[in-house]
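Heads up: the structure comes next, in C-alpha coordinates.
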Amino acid sequence: MSQGLTARDEPIVVLSPLSGRVVPIAEVPDPVFSGQMVGSGAGVEPAPEAFDVVSPVAGKIVKLLPHAFVVVDASGRGVLTHVGIDTVKLKGEGFTILAAQGDQVAAGAPIMRVDPQAAIAAGYSLVSPVVVLDSKADTATLLAEGSVAAGEQLFSWVRPA
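Position 69 (the sequence shown) corresponds to 69 in the UniProt record's numbering; numbering is contiguous.
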(Lines of atoms letter the chains of each structure in order from A and count residues from 1; the text may use other names and numbers.)
(Lines give C-alpha, C1' and ligand atoms only; values in the text may rest on other atoms or scores of the structure.)
Protein backbone atom coordinates (compact mmCIF):
# COMPACT_ATOMS: atom_id res chain seq x y z
CA MET A 1 0.00 0.00 0.00
CA SER A 2 1.05 3.56 -0.58
CA GLN A 3 2.10 5.62 2.40
CA GLY A 4 -0.85 7.28 4.13
CA LEU A 5 -3.48 5.18 2.38
CA THR A 6 -5.56 2.56 4.12
CA ALA A 7 -6.66 -0.66 2.42
CA ARG A 8 -10.06 0.96 1.90
CA ASP A 9 -8.45 3.74 -0.13
CA GLU A 10 -6.45 1.49 -2.43
CA PRO A 11 -7.74 1.20 -5.99
CA ILE A 12 -9.57 -1.98 -6.94
CA VAL A 13 -10.05 -3.67 -10.29
CA VAL A 14 -13.53 -5.07 -10.84
CA LEU A 15 -13.88 -7.99 -13.23
CA SER A 16 -16.80 -8.42 -15.57
CA PRO A 17 -19.21 -10.89 -13.97
CA LEU A 18 -20.57 -11.94 -17.38
CA SER A 19 -19.63 -11.89 -21.04
CA GLY A 20 -21.19 -9.28 -23.28
CA ARG A 21 -21.15 -5.71 -24.55
CA VAL A 22 -19.75 -3.06 -22.18
CA VAL A 23 -22.32 -0.37 -21.38
CA PRO A 24 -21.19 2.89 -19.73
CA ILE A 25 -23.07 3.36 -16.43
CA ALA A 26 -24.82 6.49 -17.76
CA GLU A 27 -26.40 4.35 -20.51
CA VAL A 28 -27.81 1.61 -18.25
CA PRO A 29 -31.60 1.67 -18.89
CA ASP A 30 -32.57 2.24 -15.25
CA PRO A 31 -32.43 5.72 -13.66
CA VAL A 32 -31.24 4.42 -10.28
CA PHE A 33 -28.18 2.84 -11.89
CA SER A 34 -27.59 5.38 -14.69
CA GLY A 35 -27.87 8.18 -12.13
CA GLN A 36 -25.27 6.35 -10.02
CA MET A 37 -27.52 6.52 -6.94
CA VAL A 38 -26.29 3.05 -5.89
CA GLY A 39 -22.68 3.68 -6.91
CA SER A 40 -20.29 4.11 -9.79
CA GLY A 41 -19.46 1.27 -12.17
CA ALA A 42 -20.51 -0.08 -15.56
CA GLY A 43 -23.04 -2.33 -17.24
CA VAL A 44 -22.67 -5.44 -19.37
CA GLU A 45 -25.27 -6.61 -21.88
CA PRO A 46 -25.06 -10.37 -22.47
CA ALA A 47 -26.11 -12.22 -25.60
CA PRO A 48 -29.72 -13.52 -25.37
CA GLU A 49 -28.63 -17.07 -24.52
CA ALA A 50 -27.80 -18.92 -21.29
CA PHE A 51 -24.78 -17.53 -19.47
CA ASP A 52 -22.82 -17.86 -16.23
CA VAL A 53 -22.26 -15.01 -13.78
CA VAL A 54 -19.02 -14.90 -11.78
CA SER A 55 -17.81 -12.87 -8.82
CA PRO A 56 -16.33 -9.53 -9.91
CA VAL A 57 -13.98 -9.41 -6.88
CA ALA A 58 -12.60 -11.78 -4.27
CA GLY A 59 -14.45 -11.63 -0.98
CA LYS A 60 -17.53 -12.72 0.94
CA ILE A 61 -21.02 -12.98 -0.56
CA VAL A 62 -23.02 -10.85 1.88
CA LYS A 63 -26.26 -10.75 -0.13
CA LEU A 64 -27.47 -13.33 -2.64
CA LEU A 65 -30.80 -13.01 -4.43
CA PRO A 66 -31.85 -14.93 -7.54
CA HIS A 67 -31.13 -11.86 -9.74
CA ALA A 68 -28.42 -9.99 -7.82
CA PHE A 69 -25.58 -10.36 -5.33
CA VAL A 70 -23.09 -8.33 -3.32
CA VAL A 71 -19.51 -9.41 -2.65
CA VAL A 72 -17.54 -7.49 -0.02
CA ASP A 73 -13.79 -7.51 -0.58
CA ALA A 74 -11.11 -7.77 2.14
CA SER A 75 -11.08 -3.99 2.63
CA GLY A 76 -14.85 -3.87 3.22
CA ARG A 77 -15.97 -2.46 -0.13
CA GLY A 78 -19.14 -4.02 -1.55
CA VAL A 79 -19.58 -4.68 -5.26
CA LEU A 80 -23.14 -5.24 -6.50
CA THR A 81 -23.92 -7.30 -9.59
CA HIS A 82 -27.54 -6.90 -10.73
CA VAL A 83 -28.44 -9.26 -13.60
CA GLY A 84 -30.80 -7.45 -15.93
CA ILE A 85 -33.28 -4.67 -15.23
CA ASP A 86 -36.57 -5.41 -13.40
CA THR A 87 -35.59 -9.10 -13.18
CA VAL A 88 -36.60 -9.14 -9.51
CA LYS A 89 -40.17 -9.44 -10.87
CA LEU A 90 -39.29 -12.90 -12.28
CA LYS A 91 -39.05 -14.27 -8.69
CA GLY A 92 -36.04 -16.40 -9.61
CA GLU A 93 -37.36 -17.84 -12.89
CA GLY A 94 -34.40 -18.53 -15.16
CA PHE A 95 -31.79 -18.15 -12.39
CA THR A 96 -29.82 -21.05 -10.87
CA ILE A 97 -27.73 -20.16 -7.82
CA LEU A 98 -24.31 -21.86 -7.71
CA ALA A 99 -22.98 -20.36 -4.45
CA ALA A 100 -24.36 -19.53 -1.01
CA GLN A 101 -24.69 -16.33 0.97
CA GLY A 102 -21.73 -16.22 3.36
CA ASP A 103 -19.36 -18.03 0.99
CA GLN A 104 -15.83 -16.72 0.55
CA VAL A 105 -15.21 -16.59 -3.21
CA ALA A 106 -12.32 -15.88 -5.52
CA ALA A 107 -12.67 -13.27 -8.24
CA GLY A 108 -14.11 -15.15 -11.23
CA ALA A 109 -15.79 -17.86 -9.11
CA PRO A 110 -19.20 -18.96 -10.51
CA ILE A 111 -22.16 -17.45 -8.61
CA MET A 112 -25.15 -18.19 -10.84
CA ARG A 113 -26.29 -19.53 -14.19
CA VAL A 114 -28.92 -17.59 -16.11
CA ASP A 115 -31.36 -18.67 -18.80
CA PRO A 116 -32.64 -15.26 -19.92
CA GLN A 117 -35.69 -16.47 -21.89
CA ALA A 118 -38.21 -15.48 -19.18
CA ALA A 119 -36.64 -12.00 -18.92
CA ILE A 120 -36.67 -11.61 -22.70
CA ALA A 121 -40.30 -12.80 -22.91
CA ALA A 122 -41.26 -10.25 -20.24
CA GLY A 123 -39.52 -7.48 -22.21
CA TYR A 124 -36.84 -6.83 -19.57
CA SER A 125 -33.43 -5.49 -20.50
CA LEU A 126 -30.53 -7.89 -19.94
CA VAL A 127 -28.13 -4.99 -19.28
CA SER A 128 -26.49 -5.92 -15.97
CA PRO A 129 -25.11 -3.12 -13.78
CA VAL A 130 -21.96 -3.75 -11.74
CA VAL A 131 -21.24 -1.04 -9.17
CA VAL A 132 -19.09 -0.27 -6.15
CA LEU A 133 -21.77 0.36 -3.53
CA ASP A 134 -21.99 3.84 -2.02
CA SER A 135 -19.23 5.17 -4.29
CA LYS A 136 -19.40 8.70 -5.67
CA ALA A 137 -20.58 9.27 -9.23
CA ASP A 138 -18.01 9.01 -11.99
CA THR A 139 -15.31 7.43 -9.81
CA ALA A 140 -15.09 4.23 -11.88
CA THR A 141 -12.79 4.11 -14.91
CA LEU A 142 -13.72 1.68 -17.69
CA LEU A 143 -10.94 -0.77 -18.55
CA ALA A 144 -12.90 -2.50 -21.32
CA GLU A 145 -14.89 -1.31 -24.30
CA GLY A 146 -16.82 -3.13 -26.96
CA SER A 147 -17.16 -6.68 -25.72
CA VAL A 148 -15.77 -8.28 -22.57
CA ALA A 149 -15.58 -11.88 -21.37
CA ALA A 150 -16.62 -12.97 -17.89
CA GLY A 151 -13.60 -12.65 -15.59
CA GLU A 152 -11.85 -9.97 -17.66
CA GLN A 153 -11.17 -6.50 -16.25
CA LEU A 154 -14.24 -4.26 -16.53
CA PHE A 155 -13.38 -1.13 -14.53
CA SER A 156 -11.11 0.22 -11.84
CA TRP A 157 -12.28 2.27 -8.91
CA VAL A 158 -10.47 4.47 -6.45
CA ARG A 159 -11.89 6.53 -3.62
CA PRO A 160 -11.63 10.21 -4.58
CA ALA A 161 -9.23 12.33 -2.55
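All C-beta atoms, glycine included, are put in the ideal place defined by N, C-alpha and C.
| Item | Value |
| --- | --- |
| Alpha-carbon spacing of Gly43 relative to Val13, whole angstroms | 15 Å |
| Element boundaries [beta strand (DSSP E), containing Gln153] | Gln153 to Trp157 |
| Which of helix, strand or coil DSSP assigns to Lys136 | coil |
| Cβ pair Ala100, Leu142 closer than 9 Å | no |
| Selected residue, minimal CA-CA separation from Leu98, among Arg159, Ser156, Val38 and Val53 | Val53 |
| Proximity winner among Gly76, Lys89, Pro46 and Glu45, relative to Pro66 (alpha-carbon distances) | Lys89 |
| Residue range of the alpha helix (DSSP H) that includes Pro31 | Pro31 to Ser34 |
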